[in-house]
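Remarks on the structure that follows.
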Amino acid sequence: IRDLFSELRELVPEHQERVKKLRKEHGSVELGKITVDMVLGGMRGMTALLWLGSAVDPDEGIRFRSMTIPDCQKTLPGAFPGGEPLPEAVLWLLLTGKIPSKEQVDSLAQELRSRATIPDYAYKAIDALPVHAHAMTQFTTGVMALQVQSEFQKAYEGGIPKARYWEPTYEDSMNLIARLPSIAAYIYRRKYKDGKIIPMDDSLDYGANYAHMLGFDDPEMLEFMRLYISIHSDHEGGNVSSHTAHLVATPLSDPYLAFAAALNGLAGPLHGLANQEVLRWIRSIVAEFGTPDISTEQLSDYIHKTLNSGQVVPGYGHGVLRNTDPRYTCQREFALKHLPNDPLFQLVSKIKEVVPPILTKLGKVKNPWPNVDAHSGVLLNYYGLTEENYYTVLFGVARSIGVGPQLIWDRALGLPLERPKSVTLEKLEALCGKS
Ligand code: AMX
Numbered sequence: 111i112r113d114l115f116s117e118l119r120e121l122v123p124e125h126q127e128r129v130k131k132l133r134k135e136h137g138s139v140e141l142g143k144i145t146v147d148m149v150l151g152g153m154r155g156m157t158a159l160l161w162l163g164s165a166v167d168p169d170e171g172i173r174f175r176s177m178t179i180p181d182c183q184k185t186l187p188g189a190f191p192g193g194e195p196l197p198e199a200v201l202w203l204l205l206t207g208k209i210p211s212k213e214q215v216d217s218l219a220q221e222l223r224s225r226a227t228i229p230d231y232a233y234k235a236i237d238a239l240p241v242h243a244h245a246m247t248q249f250t251t252g253v254m255a256l257q258v259q260s261e262f263q264k265a266y267e268g269g270i271p272k273a274r275y276w277e278p279t280y281e282d283s284m285n286l287i288a289r290l291p292s293i294a295a296y297i298y299r300r301k302y303k304d305g306k307i308i309p310m311d312d313s314l315d316y317g318a319n320y321a322h323m324l325g326f327d328d329p330e331m332l333e334f335m336r337l338y339i340s341i342h343s344d345h346e347g348g349n350v351s352s353h354t355a356h357l358v359a360t361p362l363s364d365p366y367l368a369f370a371a372a373l374n375g376l377a378g379p380l381h382g383l384a385n386q387e388v389l390r391w392i393r394s395i396v397a398e399f400g401t402p403d404i405s406t407e408q409l410s411d412y413i414h415k416t417l418n419s420g421q422v423v424p425g426y427g428h429g430v431l432r433n434t435d436p437r438y439t440c441q442r443e444f445a446l447k448h449l450p451n452d453p454l455f456q457l458v459s460k461i462k463e464v465v466p467p468i469l470t471k472l473g474k475v476k477n478p479w480p481n482v483d484a485h486s487g488v489l490l491n492y493y494g495l496t497e498e499n500y501y502t503v504l505f506g507v508a509r510s511i512g513v514g515p516q517l518i519w520d521r522a523l524g525l526p527l528e529r530p531k532s533v534t535l536e537k538l539e540a541l542c543g544k545s
């Protein structure tokens with residue numbers, strides 16, 4: 111069977127040709143206007159990035175290459191027939207645009223396990239932080255320590271020609287993806303389980319192994335982890351973590367440096383930290399009323415209380431989506447199948463009925479519907495992963511599977527340093543005809 115690197119090596123020259131041709135023949139084609147609103151409004155709607163792995167349609171949500179989440183669930187190999195898509199299969203799809211066979215996915219799982227050796231100093235770097243340091247701070251520290259083994263940095267210092275940059279980038283990205291679960295699980299066990307470490311199990315796939323190292327072996331939890339990692343992997347290029355990784359890699363910073371930066375963006379409450387905020391908020395509702403079984407009026411009052419105190423409703427709204435996030439929907443389907451009577455799941459379902467009309471009434475929220483983070487916490491909590499301060503680390507591990515492939519393509523396509531033009535306030539006013 112053909113391995114991932116061989117598949118990729120065949121695709122690289124063909125893609126290089128396509129990009130060269132596009133630039134040469136259509137370099138001046140306009141893709142849209144840049145408005146003052148865009149400059150002041152976080153560049154929403156400005157098409158400005160190339161991202162191969164996935165694209166988000168405002169109504170339909172994510173497509174990994176050309177595949178929706180239900181397509182992936184139907185078509186990509188799972189751990190067993192009809193199982194959730196394996197993260198290894200998503201990695202293959204994002205990198206090559208092709209659907210791998212079960213044999214290819216199994217051999218990729220084996221390859222990732224064989225790359226997963228962690229140098230001792232990475233654990234020591236984490237140990238230098240107090241146990242109470244936020245899990246994301248510990249995670250970024252671990253990733254920075256892994257950077258010591260960057261193949262790209264070594265190759266660059268050795269004078270590798272530009273045309274081959276993508277090869278050590280491939281090595282770094284694959285090593286990074288392979289090593290993250292061990293680092294991430296170490297942080298969890300250190301923080302919450304008295305440092306009792308569980309080693310990797312060589313018979314398990316990527317998602318299952320991560321769950322296992324965290325301390326969870328319930329087959330349903332293993333399936334949820336496979337789904338969780340698959341759906342959190344990629345969400346086109348403009349979200350804060352993906353865009354940060356791409357940007358930081360453009361001056362030829364290696365994948366570890368780029369990904370550590372991405373994690374620091376993911377750690378913000380309006381981005382990846384929202385999953386932590388959601389479970390905390392749900393728990394605060396239960397604490398307020400003494401039970402998750404509350405009336406619509408009580409819930410509505412609580413939501414207004416949250417908004418009146420100047421906070422956002424976590425897990426709702428999105429920069430691009432204008433509909434319910436399909437990543438929310440597939441988690442809801444998983445919950446309906448496996449934990450329909452869980453009181454917190456039922457509360458999440460009720461929140462979905464009550465929040466959107468309230469946000470809509472505010473008149474300013476562009477998307478009142480739930481995003482991916484509105485649902486993940488109650489599922490993790492149900493399977494015993496109750497420490498919400500850890501949740502963003504799970505998101506971070508998954509995001510490497512989306513970011514890694516793009517960093518490889520960035521180097522394969524020779525994309526240059528990212529350096530957009532900025533403008534002063536005076537200049538902006540002058541451009542608008544204001545003196
Ligand atoms: N609750 C309350 N107010 C909200 C809101 C929410 N869930 N979503 C948006 N708004 C408000 C904004 O704060 C903004 O108010 P302002 O003009 O007074 O500052 C106004 O509505 C317009 O915002 P928008 O154009 O609809 O959203 P955006 O593109 O600027 O921001 C997002 C998108 C996700 C940051 C925002 O919806 C939000 O803060 N949501 C809650 C946090 C969250 O769930 N984040 C996770 C997103 C997914 C992810 O990255 N993991």
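Sequential numbering of the sequence shown, starting at 111, is according to full-length UniProt numbering. Cβ coordinates follow ideal geometry from the N, Cα and C atoms, glycine included. Just so you know, these numbers come straight off a predicted model, no measurement behind them.
Using a threshold of 7 Å, is the CB atom of A165 nearer than that to any non-hydrogen atom of the ligand AMX?
no
What first and last residue would you give for the alpha helix (DSSP H) that runs through F444?
P436 to H448
Check this for me: beta carbons of R437 and P168, under 8 Å apart or not?
no
Do I395 and V482 have their CB atoms nearer than 8 Å?
no
Rounded C-beta distance between L373 and G506? I'm assuming under 8 Å.
5 Å
Distance, Cα to Cα, G325 vs S292?
12 Å
Which one or two residues does DSSP pair with M177 in a beta bridge?
F174
Start and end of the alpha helix (DSSP H) containing D237?
D230 to D237
Using C-beta distances below 7 Å, list every residue in its chain close to N477, excluding the 5 sequence neighbours before and after it, in chain order.
G427, H428, L431 and R432
Specify the secondary structure class of A243 as computed by DSSP and reduced to three states.
coil
Name the residue from N285, L286, I287 and I308 whose alpha carbon lies nearest to the alpha carbon of Y296.
I308
Whole-angstrom C-beta distance between E387 and W161, which should lie under 8 Å:
About 27 Å; that fails the 8 Å criterion.
Keeping to the same chain, check which residues put their C-beta closer than 8 Å to that of residue 589; ignore five residues upstream and five downstream.
Here the chain comprises residues numbered 111 to 545, so residue 589 is not present and cannot be evaluated.
For Y412, which residues of its own chain have a beta-carbon under 7 Å away from its beta-carbon, when the five flanking residues on both sides are left out?
I395 and E398
Within the stretch 310-362, note down every full alpha helix (DSSP H) run reaching 4 residues or more, in order along the chain.
316-324, 329-342 and 350-359
Using 10 angstroms around the beta-carbon of T354, count the other beta-carbons present and answer buried if the total reaches 16, otherwise exposed.
buried
For Y298, which residues from the same chain have a beta carbon less than 7 Å from its beta carbon, with the 5 sequence-adjacent residues on both sides left out?
L324 and Y500
Candidates P187, H244, K234 and G269: which alpha carbon is nearest S211's?
P187
Give the DSSP-derived three-state secondary structure of A158 in the structure shown.
coil
From the DSSP output, in three-state form, read off P252 for me.
At residue 252 the sequence reads Gly, which differs from the Pro that was named. It is helical.
Under a Cβ-count criterion, where at least 16 other Cβ atoms within 10 Å of its own Cβ denotes burial, should A189 be classed as buried or exposed?
buried
Using only the alpha-carbon positions, how far apart do L523 and H414 sit?
49 Å
On the three-pair Cβ rule with 8 Å, is the stretch 311-318 touching the stretch 245-255?
no
Taking the beta carbon of D435 as the centre, do at least 16 other beta carbons fall within 10 Å, making it buried, or is it exposed?
buried
Segment limits, beta strand (DSSP E) that includes D167
S164 to D167
Collapsed DSSP secondary structure at P195 in the structure displayed
strand
Among A245, V215, F334 and G269, whose alpha-carbon lies nearest the alpha-carbon of Y302?
A245
Just verifying my parser: in three-state terms, what is the DSSP assignment at residue 548?
Here the chain covers residues 111 to 545 and nothing more, so residue 548 does not appear.
Local conformation of Y492 per DSSP, three classes
helix
Pick helix, strand or coil for P453, following the three-state DSSP scheme.
helix
Taking its Cβ as the centre, do 16 or more other Cβ atoms sit within 10 Å of S405, making it buried, or is it exposed?
exposed
To the nearest angstrom, how far is it from the Cα of P453 to the Cα of Y492?
10 Å
G188 bridges to which residues according to DSSP?
P195
Can you check the stretch 485-544 for any alpha helix (DSSP H) of at least 4 residues that lies completely inside it and give the ranges in chain order?
501-522 and 535-541
Measuring only the C-alpha atoms, how far is D282 from F115?
13 Å
Rounded to the nearest angstrom, how far is the Cβ of A165 from that of S343, given a contact under 8 Å?
Not really, about 14 Å apart at Cβ, beyond 8 Å.
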